[in-house]
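Asks: First residue of the sequence shown: 2, per this note's numbering; consecutive thereafter.
No residue lacks a Cβ here, since even glycine has one placed at the ideal position from N, Cα and C.
Dumping the structure here so I can ask a few things about it.
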Amino acid sequence: MIDFGRMPVQRRLDAALERLDATFRGMTARPDEHNCECHWGSAEELALLKVPDVELDPDLLRRTWQASDWADSPSVIRRILPQFAAALVGGLVDDFDIEEAGRAIARGRWEQGPAEEAAAVQEFLHAWWAHTLADPGPAVPVYLVLALCAEATATLAPWLGTWEAAAHTVADQHLMEAVTQWEYDLRGEDQLPWTSWRDEDEEAAMRTELAVWLARHAPARLRAHGASEELLHHVRLLGLAEADRWDDPHWNDCTY
Numbered sequence: 002m003i004d005f006g007r008m009p010v011q012r013r014l015d016a017a018l019e020r021l022d023a024t025f026r027g028m029t030a031r032p033d034e035h036n037c038e039c040h041w042g043s044a045e046e047l048a049l050l051k052v053p054d055v056e057l058d059p060d061l062l063r064r065t066w067q068a069s070d071w072a073d074s075p076s077v078i079r080r081i082l083p084q085f086a087a088a089l090v091g092g093l094v095d096d097f098d099i100e101e102a103g104r105a106i107a108r109g110r111w112e113q114g115p116a117e118e119a120a121a122v123q124e125f126l127h128a129w130w131a132h133t134l135a136d137p138g139p140a141v142p143v144y145l146v147l148a149l150c151a152e153a154t155a156t157l158a159p160w161l162g163t164w165e166a167a168a169h170t171v172a173d174q175h176l177m178e179a180v181t182q183w184e185y186d187l188r189g190e191d192q193l194p195w196t197s198w199r200d201e202d203e204e205a206a207m208r209t210e211l212a213v214w215l216a217r218h219a220p221a222r223l224r225a226h227g228a229s230e231e232l233l234h235h236v237r238l239l240g241l242a243e244a245d246r247w248d249d250p251h252w253n254d255c256t257y
């Protein structure tokens with residue numbers, strides 16, 4: 002059995018994309034699948050989803066994964082998944098849409114499918130995440146890839162675990178960028194720093210998990226990377242209960 006986790010990150014990602022292509026090759030939307038011509042697209046475009054392995058133009062691909070009203074969303078997502086994954090890795094999906102892209106992958110219900118399909122999707126996400134952490138200039142910023150992976154899998158633990166284990170300068174630089182993007186929302190609004198489709202309890206649990214992880218694991222790495230004392234205090238506040246944050250002398254440094 003191939004140990005994908007031991008491959009160099011570029012080779013691992015290439016292999017994961019090839020595996021997706023092989024696993025989902027030949028899949029189509031259901032013969033009776035339909036959508037609104039006025040809002041989604043033409044009958045000719047819909048027909049393309051019922052033909053296997055025909056590449057869609059970028060606009061049709063976008064409209065297809067963004068639509069959430071398919072009669073059988075898993076079949077539609079499986080039909081486009083190899084091309085969709087390649088577009089994500091290539092930075093061809095707008096940053097603004099990345100969170101929704103994660104939810105589109107989740108609509109494919111990949112974890113409920115055959116074991117071979119579930120393993121291929123899981124390995125793609127892990128390979129892309131590992132590659133992004135190691136890339137000093139990734140096509141999609143780390144903080145957006147994490148949001149996508151969290152939305153696609155309904156969990157943060159494996160992604161944070163990989164980041165924790167990636168003890169190198171590039172991963173630390175990404176951590177600095179992510180903290181700068183996230184800490185305002187996490188500290189001041191008690192919400193995830195991305196839009197989630199989870200219910201309130203699930204979102205609150207994920208927010209707490211991210212905040213606690215950052216408070217525990219980020220300071221030493223940020224300090225070594227030259228973070229300001231102000232930013233370090235902001236990260237420290239993430240580990241405090243809400244009332245304790247308000248009473249902390251450094252809370253006054255925060256502007257809302």
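In its own chain, which residues sit with a C-beta less than 8 Å from the C-beta of GLU204, not counting the 5 before and 5 after it?
Replies: Taken in chain order, the residues that qualify are GLN192, LEU193, SER197.
Asks: Look up ALA119 in the DSSP assignment and say whether it is helix, strand or coil.
Replies: Residue state, collapsed to three classes: helix.
Asks: Any idea what DSSP makes of TRP71, helix, strand or coil?
Replies: The answer is coil: DSSP assigns TRP71 none of H, G, I, E or B.
Asks: Measuring alpha carbon to alpha carbon, tell me which residue in GLU165, GLY42, MET28 is nearest GLN84.
Replies: It is MET28 whose Cα lies nearest to the Cα of GLN84.
Asks: Specify the secondary structure class of GLY138 as computed by DSSP and reduced to three states.
Replies: Of the three classes helix, strand and coil, the one that applies to GLY138 here is coil, per DSSP.
Asks: Leaving out five residues on either side along the sequence, give the residues of the same chain with a beta carbon under 8 Å from the beta carbon of PRO53.
Replies: Once the five neighbours on either side are set aside, the close Cβ partners of PRO53 are ARG26, GLY27, MET28, THR29, ARG80.
Asks: For a quick check, are the C-beta atoms of LEU157 and MET207 less than 7 Å apart?
Replies: Yes; because the gap between Cβ atoms is below 7 Å, this pair is in contact.
Asks: Hey, would you say ALA107 sits closer than 7 Å to LEU134, going by beta carbons?
Replies: For ALA107 and LEU134, no; Cβs fall outside 7 Å.
Asks: So, using beta-carbon positions, are LEU239 and LEU187 closer together than 7 Å?
Replies: Cβ atoms of LEU239 and LEU187: closer than 7 Å.
Asks: Using a Cβ-Cβ cutoff of less than 7 Å, which residues in the same chain neighbour TRP111 once the five nearest sequence positions on both sides are dropped?
Replies: For TRP111, where only same-chain residues beyond five positions count, the Cβ hits under 7 Å are GLU118, ALA119, VAL122.
Asks: Spatial neighbours of ALA102 within its chain, please: CB distance less than 7 Å, with the 5 preceding and 5 following residues excluded, ordered by chain position.
Replies: Same-chain partners within the cutoff: TRP66, LEU89, VAL94, LEU149.
Asks: So for PRO9, helix, strand or coil by DSSP?
Replies: DSSP places PRO9 in coil when its eight states are reduced to three.
Asks: Alpha helix (DSSP H) containing PRO220: first to last residue?
Replies: Run containing PRO220: 201 to 225, per the alpha helix (DSSP H) assignment.
Asks: Distance check for ALA153 and ALA225, CA to CA, integer angstroms please.
Replies: Near 32 Å, if we compare the C-alpha coordinates of ALA153 and ALA225.
Asks: In angstroms, rounded to a whole number, what distance separates the CA positions of GLY91 and GLY109?
Replies: C-alpha separation (whole angstroms): 21 Å.
Asks: State the CB to CB distance for the pair ILE99 and LEU145, rounded to an integer number of angstroms; the pair is presumed to be in contact (CB under 8 Å).
Replies: Yes, ILE99 and LEU145 are in contact; Cβ-Cβ is about 4 Å, under 8 Å.
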